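Residue 698 is where the sequence shown starts when you use the working numbering, and the numbers rise one by one after that.
Heads up, the thing below is written out as structure tokens.
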Amino acid sequence: MTFLEQGERLAHNCAEAQAALATDSGVRQFLSTQARQEAAHALIFQGAIAWLAPKHLGNSPYLPAMEEYQALLQDALIREDLVETFLAEQVILEGLGEAVLTRIEQGLMKRAAPFGRLRRVLLQQEEAHRGIGCRQLERAIARGKADVSSLQRRAQPYLALTDAIILTLSDLFDTIHEDASAWAADVRTFLPKWLVTDELPGISGQTSVMRIESKPIAES
Ligand SMILES: [Fe+2]
Ligand SMILES: [Fe+2]
């Protein structure tokens, strides 16, 4: 939970900085809303820690990989490289968050835990954050501002760090009888296929072709 709270704070700071860099007003608006939602998520996890383990409120587990992740992301923000920040925060880090939350959710549902609606809203918001990140990358590829192989290459240090974060937490996973390597593999399933395989990005591109040939059928 403390790890998730740290992640939410990182996501909040990043979305706020991205909103200041974005030139598209719709994207800027989305990022400001995301920043507010991430701040609320951090409070939810703080509340959960206070409820489950009040003694640990304010304790931060030492996660060097998380700090390194933050430093890499900060560097991309300083370079004003919005595409890399979407790759690192909305796509990869949110992918990790969603993988962890989905696993936790399965356990909580089995135990009929409270706050089901709140948990569903939180997951839906995280899904929307990851969605805009994927669309921003696909749009950058379609406009020639990025290419698949360079994004795959730039994703590598971030993915190595998400693996390291899960490995650091693996002692904890053992105590709750969970398999850390299965969680690490989960992160890959939440990433766009073109980022981890040779499959070409097609969703946004296909949609824009359909828009020209017929009436709009989907949000691009
Ligand atoms: Fe969040
Ligand atoms: Fe998020």
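C-beta: ideal position from N, C-alpha, C; glycine also.
Since the structure is predicted, the reported quantities are computational estimates derived from the model, not experimental observations.
Of the residues the options, the one placed nearest residue i, counting alpha carbons only
i: residue 849; options: 889, 882, 829; result: 889
i: residue 720; options: 802, 777, 878, 801; result: 777
i: residue 897; options: 746, 791, 838; result: 838
i: residue 793; options: 722, 868, 820; result: 820
i: residue 788; options: 765, 865, 806, 835; result: 835
i: residue 800; options: 883, 895, 716, 891; result: 883
i: residue 774; options: 846, 716, 895; result: 716
i: residue 749; options: 823, 699, 867; result: 699
i: residue 886; options: 722, 809, 790; result: 790
beta-carbon residue i near ligand 1 non-hydrogen atom, thresh 7 Å
i: residue 786; result: no
i: residue 713; result: no
i: residue 705; result: yes
i: residue 795; result: no
i: residue 734; result: yes
i: residue 823; result: yes
DSSP state of residue i mapped onto helix, strand, coil
i: residue 850; result: helix
i: residue 772; result: helix
i: residue 699; result: helix
i: residue 761; result: helix
i: residue 841; result: coil
i: residue 866; result: coil
i: residue 816; result: helix
i: residue 728; result: helix
i: residue 713; result: helix
i: residue 886; result: helix
i: residue 917; result: Because residue 917 carries a pLDDT of 37, less than 50, the predicted location of this residue cannot be relied on, and the following value inherits that uncertainty. The answer is coil: DSSP assigns residue 917 none of H, G, I, E or B.
i: residue 860; result: helix
i: residue 784; result: helix
i: residue 897; result: coil
i: residue 811; result: coil
i: residue 750; result: coil
i: residue 799; result: helix
Cβ-heavy atom distance, residue i to ligand 2, below 7 Å
i: residue 708; result: yes
i: residue 764; result: no
i: residue 803; result: no
i: residue 702; result: no
i: residue 743; result: no
Buried or exposed by the 16-neighbour rule on C-beta atoms within 10 Å, applied to residue i
i: residue 844; result: exposed
i: residue 782; result: buried
i: residue 812; result: exposed
i: residue 763; result: buried
i: residue 858; result: buried
i: residue 796; result: buried
i: residue 830; result: buried
i: residue 712; result: buried
i: residue 714; result: buried
i: residue 860; result: buried
i: residue 880; result: buried
i: residue 785; result: buried
i: residue 905; result: Only weak support is given to the placement of residue 905: the predicted model assigns it a pLDDT of 33, under 50, and the value that follows is read from those uncertain coordinates. Exposed.
i: residue 863; result: buried
i: residue 803; result: exposed
i: residue 737; result: exposed
i: residue 827; result: buried
i: residue 726; result: exposed
i: residue 832; result: buried
Residue i Cβ short of 7 Å to ligand 4 heavy atom set
i: residue 791; result: This structure simply doesn't include ligand 4; it includes ligand 1 and ligand 2 instead.
Minimum Cβ-Cβ distance from residue i to chain C less than 8 Å
i: residue 699; result: Protein chain content of the structure displayed is limited to a single chain, and chain C is not contained in it.
Point to revise | Three CB pairs or more closer than 8 Å across the stretch 763-783 and the stretch 853-861 | key: yes
Check your understanding: Are at least three pairs of beta-carbons, each pair with one atom in the stretch 733-752 and one in the stretch 700-707, less than 8 Å apart?
Key -> yes
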